[in-house]
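According to full-length UniProt numbering, the sequence shown holds residues 1 to 486 in order.
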Amino acid sequence: MFKECSDIVIRPFDIEENVHALAVFVDGLVLTTEVDEALKAVMIYERGSEDAKRLLETVIPSGQAKTTDNYGDFLLGVLSGDTGIIIENSDKAILLGLRGPSLRSVSEPPSEAVIRGPREGFIENLRTNTSLVRRKIKSPRLKMKPFVIGKHSNTSVVLSYMEGITDPALVEEAVKRLQKIEIDGILDSGYIEELIQDSAFSPFPQIQHTERPDLVAAALLEGRIAIFVDGTPFVLLAPTVFVQLLQATEDYYERFQIGTLVRWLRYFFLFASLVTPAMYVALTTYHHVLIPTKLLFSIAAARESIPFPAIVETLIMEVIFEALREAGVRLPKAIGSAVGILGALVIGQAAVEAGIVSAPVVIVVSITGIASFTIPHFNGAIAVRMLRFPLLILASIFGVYGIFFGLILIIGHMANLRSFGVPYLTPISPLKLSDLKDVLIRAPQWALSTRPSFLHVRDDTRMSDTMSKEIKDQNGSKGDSPDDKR
């Protein structure tokens with residue numbers, strides 16, 4: 001079976017010279033020093049040498065060791081990094097969990113940096129990732145349900161949830177969808193995200209992904225589920241509603257006034273990123289009377305020598321900006337940011353001086369690009385970037401009416417979306433007043449005493465209000481003040 005597999009080590013050995021045995025492991029996936037120590041302990045064992053279970057209980061020092069009588073489970077364990085031991089005249093094999101360390105250390109996730117908050121992020125090792133969450137939620141109610149998905153990759157997947165909090169129907173549905181996946185291999189969590197989401201043709205993400213353990217812990221405590229995939233630092237969270245794409249973990253680490261202000265800015269710039277280029281094209285093409293006179297004269301003077309209509313020059317700059325952004329991501333970090341900034345400045349200035357595009361278009365596209373960066377989750381920002389172009393086309397044909405028509409279509413589509421059965425616009429539509437305290441505003445922590453009702457959790461109480469009532473009743477001090485005692 002392992003012919004022409006140079007990384008597979010098959011090591012025959014004897015137990016006290018009378019029982020033949022075989023050790024099998026993958027070079028590079030195991031700790032060879034610990035494997036040597038375990039084999040040394042097995043070799044000198046005398047009594048009942050052929051009994052795998054007794055060897056496991058009395059000799060082998062590994063804490064993560066088990067026996068199996070299934071050949072498929074044995075192969076899967078070896079290919080996953082375990083060390084397999086087969087003993088002559090024994091109907092059971094031993095699997096030693098002596099896996100090597102992860103290749104990358106835990107560090108701050110580059111895609112979700114924060115000013116205040118933990119500086120740790122997930123890595124490509126599944127057990128390291130689950131341990132990071134277990135370190136934050138030290139409760140036996142935190143469940144980790146294992147799966148193996150992929151006909152050839154045999155990728156380890158873990159479904160995590162909080163027993164007693166998460167809706168059992170949600171867990172059952174997630175298990176059902178994961179078990180129905182039949183594919184050659186899973187190389188990233190994006191495979192699973194696309195296979196289990198409710199609507200594959202929607203530009204809006206119905207499953208959130210993150211590299212932050214604190215965000216996963218917070219989602220689990222809310223009553224959501226998390227899906228860990230071995231080999232990727234991105235963990236999936238479901239169900240996901242639209243407002244959660246505009247919430248960042250840092251909102252809950254700062255004072256609620258700051259969190260609310262930043263959240264308002266995100267909503268404003270989300271709308272600006274979506275409609276600003278389309279509004280510019282609509283106003284300059286059809287609705288000149290809506291532009292102030294001085295501003296209209298300035299725009300007309302800037303566009304006097306431009307050979308293209310407003311829609312063409314806007315599309316040119318939008319496509320160039322998206323290309324520069326993509327190039328900045330793909331290039332090495334040392335030069336990526338420099339290429340993005342210099343490219344935008346040089347190309348924009350040269351295009352204006354050459355008379356290809358006007359200066360107002362460069363300003364509009366720049367504002368649009370900056371506004372899109374305020375969306376904290378990357379997959380949410382991609383949806384806005386994609387929908388910007390259809391709105392541009394509608395604005396060039398129907399003016400402002402086309403923009404409103406496009407917005408109606410977008411909102412109607414979002415209202416029809418579901419994420420594991422939860423309406424995508426919840427808690428705005430359908431309206432749930434108790435959940436609005438964490439949508440447009442970020443209420444104080446003492447006001448967030450209940451979990452989101454749209455998740456149908458089994459325990460909706462998040463915290464007690466005893467302390468906040470006591471502080472309020474005593475006017476901020478406990479007991480009598482020194483002046484009152486006098």
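Don't be surprised by glycine CBs; every beta carbon is placed ideally from N, CA and C. Owing to the predicted nature of the structure, the values given are computational and were not obtained by experimental measurement.
Per-residue burial, residue i [other beta carbons within 10 Å of its own, 16 or more giving buried]
i, result
"P109", "buried"
"Y71", "exposed"
"D7", "exposed"
"G355", "exposed"
"V158", "buried"
"residue 487", "With the chain represented from 1 up to 486, any question about residue 487 goes unanswered, as that position is not in the structure."
"residue 509", "Given a span of 1 to 486 for the chain in the structure shown, any question on residue 509 remains unanswerable."
"G421", "exposed"
"R104", "exposed"
"D14", "exposed"
"K485", "For K485, the predicted structure reports a pLDDT of 49, less than 50, and the residue's modelled location is therefore unreliable. A value from the coordinates is still provided. So K485 counts as exposed."
"F122", "buried"
"D167", "buried"
"T276", "buried"
"E471", "One point to set straight first is that residue 471 is Ile, not Glu, in the sequence displayed. Looking at its Cβ environment, which holds fewer than 16 other Cβ atoms inside 10 Å, I471 is exposed."
"G185", "exposed"
"V329", "exposed"
"I192", "buried"
"L387", "buried"
"E313", "buried"
"S429", "exposed"
"P452", "buried"
"residue 498", "Look at the range of the chain in this structure, 1 to 486, and you will see that residue 498 is not part of it."
"A38", "buried"
Cβ-Cβ separation, residue j to residue i (assumed contact under 8 Å), whole Å
i, j, result
"V439", "V243", "5 Å"
"L95", "G77", "4 Å"
"A23", "T83", "6 Å"
"T315", "L392", "In the sequence under discussion, the amino acid at residue 315 is Leu, which differs from the Thr named in the question. That belief holds up - the Cβ atoms of L315 and L392 are roughly 7 Å apart, short of 8 Å."
"Q206", "S419", "4 Å"
"D230", "S111", "Not a contact, Cβ separation roughly 20 Å."
"I85", "V133", "In fact, because the Cβ distance is near 32 Å, the residues do not count as touching under 8 Å."
"G117", "D214", "7 Å"
"I225", "L170", "6 Å"
"I403", "A278", "5 Å"
"D435", "P423", "With 8 Å as the limit, D435 and P423 do not qualify as a contact, their Cβ atoms being about 12 Å apart."
"G150", "I196", "At roughly 14 Å, the Cβ-Cβ gap does not stay under 8 Å, so G150 and I196 are not in contact."
Closest residue to residue i among the options (Cα-Cα distance)
i, options, result
"W446", "V457, D465, A113", "D465"
"M317", "H413, S298, V361, E112", "V361"
"I306", "F74, E34, V352, L132", "V352"
"D251", "P376, D460, P203, P430", "P376"
"G28", "G100, K40, I15", "G100"
"L448", "H456, R458, V457, K437", "K437"
"D188", "I15, L126, R224", "L126"
"V346", "I370, G369, F321, V364", "F321"
"M463", "I137, I225, L221", "L221"
"I165", "K294, H456, M467, D473", "H456"
"L79", "H152, D435, Q64", "H152"
"A301", "M386, F256, S358", "S358"
"A248", "F204, S139, F398, A113", "A113"
"I10", "F25, E4, R303, V19", "F25"
"D51", "T32, E16, E88", "E88"
"L245", "S90, G190, I382, E16", "I382"
"L290", "E304, A350, G399", "G399"
"T461", "L433, L431, G223, Y267", "G223"
"T32", "K432, F2, Q257, G81", "G81"
"P203", "R442, K432, A443, M414", "M414"
"residue 490", "E120, T293, G369, E57", "Within the shown structure, residues of the chain are numbered from 1 to 486, placing residue 490 beyond reach of any answer."
"K180", "V148, C5, E163", "V148"
"E194", "N379, A93, V365", "N379"
"Y45", "L425, D36, T58", "T58"
"F268", "P233, I367, Q349, L331", "I367"
"F256", "I441, P292, E37", "I441"
"E124", "L75, P233, V364, V35", "P233"
Below-8 Å beta-carbon distance, residue i vs any chain B residue
i, result
"Q349", "In summary, chain B is missing from the structure at hand, where a single protein chain is found."
Problem set entry | Start-end ranges of the beta strand (DSSP E) lying completely within the segment 224-291, minimum 3 residues | 225-229, 235-238
For this session: Would you be able to state if there are at least three C-beta pairs under 8 Å between the segment 208-218 and the segment 168-178?
Result: Between the segment 168-178 and the segment 208-218 there are fewer than three C-beta pairs closer than 8 Å, too few to call the two in contact.
For this session: List in chain order: all unbroken alpha helix (DSSP H) runs of 4+ residues lying wholly within the segment 123-154.
Result: 126-136
Exercise. In chain order, which continuous runs of the beta strand (DSSP E) of length 3 or greater are located wholly inside the segment 38-103?
Worked result: If we require 3 residues or more, the beta strand (DSSP E) runs fully inside the segment 38-103 come out as 65-68, 83-87, 93-96.
Problem set entry | Three CB pairs or more closer than 8 Å across the segment 280-287 and the segment 382-397 | yes
For this session: Could you name each continuous alpha helix (DSSP H) segment of 4 residues or more that falls completely within the segment 401-477, going from the start of the chain to the end?
Result: 466-473
Exercise. Between the segment 409-419 and the segment 291-311, do at least 3 Cβ pairs fall closer than 8 Å?
Worked result: no
Exercise. Are at least three pairs of beta-carbons, each pair with one atom in the segment 135-152 and one in the segment 230-239, less than 8 Å apart?
Worked result: no
For this session: Tell me the start and end of each unbroken alpha helix (DSSP H) in the segment 290-370 that is at least 4 residues and wholly inside, in chain order.
Result: List check, alpha helix (DSSP H) in window: 293-302, 310-330, 333-353.
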